[in-house]
Amino acid sequence: MANSFSVKDFGAVGDGHTDDTLALQAAIDAASAAGGGTVVIPSGTYIVSAQASGNALILKDNVQLEGDATDRATLKLASGSSADIDGILRADGDAVGVSNLVIDGNRAHTTGVVSDLSLGDGVQLTLNYVQATNASGYGLDLRAEGSQVQANKAYVDYNGQGGVITAGLVGSALNDLIVRDNDGNGLTTQGVVTVQDINSTSNQGYGVAVEGDANGHAAQLISGSISSNRTSGVLIDKASDAVVDHLSISYNTLSAIEVRDSQGTQISTNRIDGSYLDANQPYVLLQDSSGTEVRGNVIGATGYYDGAKSTYGVEERGQSDANRIADNFISNVTEREVKVVGTATAVFDNTDVLTTYGSSGDDVISEYAQAYNTVLYGGAGDDLIQGGVLDNVLIGGAGVDQLAGAQGHDTFRFTQLTDSYRTASASYTDTITAFDASKDSIDVTSLGMSGLGNGHNGTLDLAYNADKNLTYLKSYDADAQGQRFELILNGDYRTSLTADNFLPLTAGTSGDDSLHGTTHGRDTLVGGDGRDMLSGRGDDDRLDGGAGADRLIGGQGADTFVYNQLTDSQVDAAGKNQGRDLIVDFNSGDHDRIDISALGFTGFGDGYGTTLSLTYDSANDITRLSSKELDSAGNRFQIALSGNHVLDLGANAVEFAHADSPQKTSTYPGQILTIGTAANDRLIGSADADRLYGLDGDDVLQGGANNDFLLGGHGADKLTGGSGSDYFVFQSVEDSYRTAEQSHTDLITDFNQGYDSLSVSALGYTDIGDGYNGTLKIDYNATLDRTYVRDLQSDDQGRFFQIALSGDQTQHLRYNNMGFADRDVSTDAAPIEVVGVATHTDHAVG
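Letter by letter, the sequence shown follows residues 7 to 852 in our numbering.
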């Protein structure tokens with residue numbers, strides 16, 4: 007290796023006893039004097055001691071310290087040291103780096119204040135796979151004016167003053183940082199730095215403390231996990247425009263996030279759970295702060311109902327004002343969702359219900375032991391749907407579904423006759439496998455049914471089959487296709503199922519009706535034709551005005567205003583009322599909703615196509631939700647709402663049509679699916695956990711932050727996982743292969759040892775080996791600087807499976823990060839036949 011200097015050549019021993027300080031520094035000095043180079047530190051423990059400089063070792067211009075990737079060397083401070091050391095290793099030159107090294111402050115056997123690694127001014131430093139541990143000061147002290155740091159996969163633990171501290175940096179990033187079990191904060195940032203995919207846990211201070219510099223400039227935290235810290239998870243203090251995005255923050259002692267004396271903080275798309283010890287705190291605290299955007303977060307969706315709740319989802323205190331708290335899911339609070347003190351703060355379009363949609367196939371949708379309210383749609387297919395701990399609405403949809411409630415008050419809703427029915431010769435009946443008659447409900451009001459009876463005129467006959475221990479609810483009134491509603495309940499409900507288990511239906515006539523609900527139960531009011539007045543009064547009601555210009559008043563509770571036909575509420579081309587409804591008291595703070603899912607509208611827009619425009623008429627104090635598409639009679643769909651609801655009517659308040667999808671989706675998804683085409687695509691991931699499918703073509707896939715799933719598909723693809731633990735998947739030989747003449751090999755540009763994984767199980771490979779009999783051979787081509795994972799046996803078309811990875815990964819690819827198939831091959835499997843033997847001519851890709 008050019009300009010390579012082994013510390014062994016300078017007398018370093020690395021036996022854990024000999025003081026190697028002078029030998030190590032001599033190797034660094036020699037590399038620097040030569041204009042730069044790599045100082046190689048073989049495996050071992052190298053004892054170092056304080057020097058007159060106040061450090062043990064000083065890293066100089068253009069020098070890289072490099073340990074063994076498979077068995078990292080340790081620099082350990084000598085026992086008995088009493089000096090204050092600002093850095094056992096101090097980076098004090100330009101273009102310096104440290105990789106595959108452990109720095110041990112030996113705090114149990116030394117005195118004085120010692121940090122493991124420190125930084126000089128104006129330094130450009132790169133850290134890769136560095137552990138900084140057991141210092142009485144900081145693990146990584148990265149406070150320096152004008153320095154630039156790129157740190158990847160640092161592990162910082164058991165340090166006295168804190169894990170990592172930064173200040174004065176420019177153009178710097180900390181990626182895949184782990185900080186844990188430090189006596190102070192896990193990470194403290196002062197000024198601008200990007201922190202991506204952090205894991206901060208079990209620190210005695212804050213998980214992360216973000217402080218503004220003299221001008222208020224502050225860090226961006228993107229993706230990662232912050233948990234079980236002894237104060238709050240994240241502190242934003244005296245900062246401007248700090249960012250907390252796509253983090254999982256849970257079980258910290260106080261709040262998940264504290265924002266103090268700060269402006270313009272963005273808190274978005276995080277999963278935030280409750281405090282672990284002190285439940286008398288909000289999930290998100292805004293103290294004397296303004297301009298904060300709290301948007302799109304899942305707050306309080308505790309994975310298991312363990313009683314860990316906070317007072318509020320978001321709470322303002324002190325002089326906080328002009329904040330926006332919108333489009334969040336908030337649950338598991340002891341007081342209420344949001345508490346504000348500022349007169350200019352806006353709160354809108356939050357929800358306490360998580361909605362999941364099944365795919366177009368057969369799904370298993372389970373929220374078992376999840377402690378939040380849900381709405382679960384099975385969609386097409388024969389689905390298995392399991393509710394969670396709290397209150398669930400289960401809608402099986404088409405297909406023969408199995409539905410199960412849980413511990414909450416569950417509602418089983420049927421919106422179409424074809425959701426559960428039979429004919430004279432066949433059954434397509436859903437089964438409720440777990441129904442608690444003491445608290446669960448059946449909603450068949452959309453079918454015009456409301457309870458038990460003789461099976462005619464909107465009633466259901468109850469029949470019990472003792473041999474099968476099944477209860478049947480049957481309608482005997484068939485439609486024109488001979489279909490009639492039928493539902494099965496597992497068990498004997500002859501004495502326990504009563505009218506109280508059915509949501510009541512109050513239906514109007516073809517005239518002008520005045521329909522009223524009750525103050526103590528969930529009512530369904532259906533107006534029919536005419537100019538009707540519907541008033542839900544109390545509880546969570548469903549109001550369907552039907553045709554005609556209706557006046558709808560939800561009253562208290564989370565009410566749903568339902569539209570099943572475009573003619574239910576419309577105006578003519580000039581906007582003249584031709585039967586437009588008026589919703590009088592819409593209140594998103596009570597979680598009122600407008601359900602237009604049956605009409606085919608897909609979202610907000612200009613009002614053309616499948617979009618609806620949203621406008622406010624200040625002269626008449628009316629908000630209009632409008633289509634501009636005229637029907638054959640020259641009319642168009644429009645709903646009017648009293649007051650200004652332009653902010654209120656967001657994704658949580660309006661239920662649009664949900665398109666069929668090849669996979670399950672959620673209103674707050676854990677993963678984002680992006681699918682390419684047959685052409686050459688460029689798929690760029692987000693800070694979410696992305697699933698990127700390239701399909702055909704020579705594609706470029708970039709995962710970005712978070713834990714991503716990348717499948718290039720056919721073609722020679724270029725795959726970049728980014729930070730986080732990424733999963734590169736290969737499902738067929740066509741995904742990545744070469745022939746004797748050509749290469750169609752995928753290139754993984756940033757495979758991260760200990761973090762990323764390859765999956766080849768679908769191809770039947772079982773181990774690393776010589777490339778024969780179901781194994782894959784790993785080779786490094788120094789000329790191309792590529793590592794190849796290859797099969798040396800071709801298929802019957804002369805194709806050899808092969809993956810390329812940038813750099814030398816031969817020491818990093820192991821069985822546990824390869825995702826092989828089970829080694830226990832069935833005796834019925836066809837033996838592997840050697841069809842061809844690969845040559846060893848590699849081709850540069852990417």
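For glycine and all other residues, C-beta sits at the position ideal for the given N, C-alpha and C.
Item: Residue from I109, S738 and I774 whose Cα sits closest to the Cα of F807; Value: S738
Item: CB of V13 within 7 Å of CB of A33, strictly; Value: yes
Item: At least 3 beta-carbon pairs within less than 8 Å: the stretch 44-59 vs the stretch 81-97; Value: yes
Item: Per DSSP, cross-strand counterpart(s) of V300; Value: I273 and I331
Item: Contact check, L653 vs F354, beta carbons under 7 Å; Value: yes
Item: Spatial neighbours of T872 in its chain, beta-carbon cut-off 6 Å, leaving aside the 5 residues before and after; Value: With the chain covering only 7 through 852, there is no way to say anything about residue 872.
Item: Candidates T275, S268, E217 and Q210, of which the one nearest N258 by Cα; Value: Q210
Item: Sequence-distant residues of its chain with Cβ nearer than 6 Å to L148 (five each side left out); Value: L125, V155 and T172
Item: Residue of F420, V119, L493 and V795 minimising C-alpha distance to Q815; Value: V795
Item: Beta-carbon proximity list for N286, same chain, < 7 Å, skipping 5 on both sides; Value: T317
Item: Between the CA atoms of N181 and G730 - distance to the nearest angstrom; Value: 8 Å
Item: Distance between Y743 and R805 (C-alpha atoms, nearest Å); Value: 6 Å
Item: Beta bridge counterpart(s) of I602 as assigned by DSSP; Value: Looking at the DSSP assignment, I602 forms no beta bridge with any residue, so it has no partner.
Item: Inter-stretch contact (C-beta, 8 Å, three-pair minimum) for the stretch 399-416 and the stretch 373-387; Value: yes
Item: First through last residue of the beta strand (DSSP E) which encompasses S708; Value: Note on identity: in this sequence residue 708 is Gln, with Ser being the wrong assignment. Per DSSP, Q708 belongs to the beta strand (DSSP E) from V706 to Q708.
Item: Separation of R697 from L503, as counted between CA atoms; Value: 45 Å
Item: Pick from F715, G488 and D529 that is closest to V450, judged by C-alpha positions; Value: D529
Item: Continuous alpha helix (DSSP H) stretch holding S38: start and end; Value: T27 to A39
Item: Bridge partners - I559, DSSP secondary structure assignment; Value: S541
Item: Endpoints, beta strand (DSSP E) assigned at N229; Value: Here residue 229 turns out to be Ser, not Asn, going by the sequence shown. Q226 to S233 is the extent of the beta strand (DSSP E) around S229.
Item: Spatial neighbours of G128 in its chain, beta-carbon cut-off 8 Å, leaving aside the 5 residues before and after; Value: D100, A150, E151, G152 and S153
Item: Supposed contact pair D122 and L3 - C-beta distance, whole angstroms, cut 8 Å; Value: The requested residue 3 does not occur in the structure, where the chain is confined to residues 7 to 852.
Item: Distance, A62 Cα to D15 Cα; Value: 19 Å
Item: Between the CA atoms of T501 and A579 - distance to the nearest angstrom; Value: 56 Å
Item: Residue of G168, Y212 and G719 minimising C-alpha distance to E740; Value: G719
Item: Residue burial classification, E373 (beta-carbon count within 10 angstroms, cutoff 16); Value: buried
Item: Proximity of A553 and D535 at Cβ, strictly below 7 Å; Value: yes
Item: D163 beta carbon less than 7 Å from that of T194; Value: no
Item: Limits of the beta strand (DSSP E) - the one that H252 falls within; Value: V249 to S256
Item: Alpha-carbon to alpha-carbon, T683 and A722; Value: 14 Å
Item: DSSP three-state assignment for F567, whether helix, strand or coil; Value: strand
Item: Outcome for T585 when other beta-carbon atoms lying within 10 angstroms are tallied against a minimum of 16; Value: According to the sequence displayed, residue 585 carries Gly and not Thr. With 16 or more Cβ atoms within 10 Å of its Cβ, G585 is classed as buried.
Item: Sheet register partners of V381 (DSSP bridge); Value: T361 and V399
Item: Extent of the continuous beta strand (DSSP E) run through T772; Value: Per DSSP, T772 belongs to no beta strand (DSSP E) and is neither H nor E.
Item: C-alpha distance - G22 paired with A79, whole-angstrom precision; Value: 11 Å
Item: Straight-line gap, T833 to D416 (C-alpha atoms, nearest Å); Value: Its pLDDT being 35, under 50, T833 is placed unreliably by the model, and the measurement read from it follows with that caveat. Taking the straight line joining both Cα atoms gives about 48 Å.
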